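A.B. asks:
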Amino acid sequence: MGSIIQALRNSNYNLYNGGTISRIGQRIDSFPVVPITQISFYLRKVGSPTSTAYIRVRAVSDDSIIGTIGTLDVSTLTTSWAWYDFSGSVSVPSSQNIRISIEYYGGGASNRVEFGYWAARVCSGVLTRYLVGSSKWQDESDDSTFKLYWTSVGEAYSQAYIIS
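In this note's numbering, the protein residues as written are 33 to 196.
1) Whole-angstrom Cβ separation of residue 59 and residue 131, contact assumed at under 8 Å?
2) Drop a sphere of 10 angstroms on the beta-carbon of residue 163, count the other beta-carbons inside from all chains shown, and report buried for 16 or more, exposed for fewer.
3) Among 167, 166 and 147, whose alpha-carbon lies nearest the alpha-carbon of residue 159?
4) Would you check if there are 3 or more beta carbon pairs closer than 8 Å linking the segment 80-97 to the segment 128-143?
5) Mind checking which residues open and close the beta strand (DSSP E) that includes residue 40?
6) Taking its Cβ as the centre, do 16 or more other Cβ atoms sit within 10 Å of residue 36, making it buried, or is it exposed?
7) Classify residue 167: buried if its beta carbon has 16 or more other beta carbons within 10 angstroms, exposed otherwise.
8) Determine the closest residue to residue 96 out of 109, 84, 124 and 117, with distance taken between C-alpha atoms.
9) Using the beta-carbon count (16 or more within 10 Å), is residue 110 buried or exposed?
10) Just to confirm the assignment, what range does the beta strand (DSSP E) spanning residue 125 have?
11) Let me know the secondary structure DSSP gives residue 177 once reduced to three states.
12) Over the uninterrupted beta strand (DSSP E) stretch that includes residue 112, give me the two end residues.
13) Less than 9 Å separating the beta-carbons of residue 76 and residue 134?
14) With H, G and I counted as helix, E and B as strand and the rest as coil, what does DSSP make of residue 107?
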C-alpha cells in the first residue's frame, strides 16, 4: 500500500454556500495508475451546517470527476478538529495530475465546514481550491491536512511521505 500523509495544521479555509470556496483539497501531479482506497481530511464544523459534502477525485486536465470515494452528512461533524476517513475504491485510469477534494455547497457564513491546512509546502503536491467567483481552481503554495492511501500495483509509486 502506498500513502501520502500530511498531518500538520496551522490554518483553515471555510466552505459554505455563498462563500468564495466550494471545493478544496490537494493537487498531486503524475499520480500513477492505481486504485485509491482511502482519503482523509482534517475537518470541523462551525454552527449547524446541513446537507452533504462529497469526497472526489478529479482530473486536473479537464476537471472531470474520476470518482467519488465517499459522502459526508456535514451535520455529523464535531466542533473540534478531527480526522474524517472515506474508504472505497477509485481507479485512476492513466498516470495523470489529480485533485482529491471535499466539495460542499450548503450552509452559510455562520453554519459552515472548516478545512484544515498547513500554511507551507511540506509534501508532494499543493493545496488547491475552487474559487466560486471565477469558476476555476487555484493552486496555493501550502499543503492540505490530508491522508491518501492507494493499492500499489507492481512497482508503481510505492514511496510514502509522512509529515506529522
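All residues carry an ideal CB built from backbone N, CA and C; glycine is no exception.
None of the values given here were measured: they were computed from a predicted structure.
C.D. replies: To lay it out plainly:
1) Distance from residue 59 to residue 131 at the Cβ level is roughly 5 Å; contact confirmed, criterion being Cβ atoms closer than 8 Å.
2) exposed
3) 147
4) yes
5) That residue, residue 40, is in no beta strand (DSSP E); it is neither H nor E in DSSP.
6) buried
7) exposed
8) 124
9) Residue 110 is exposed by the Cβ-count criterion.
10) Secondary structure note for residue 125: it is in no beta strand (DSSP E), with a DSSP letter that is neither H nor E.
11) coil
12) Residue 112 -> no beta strand (DSSP E), and no H or E assigned at all.
13) Cβ distance not < 9 Å, so residue 76 and residue 134 don't count as in contact.
14) helix
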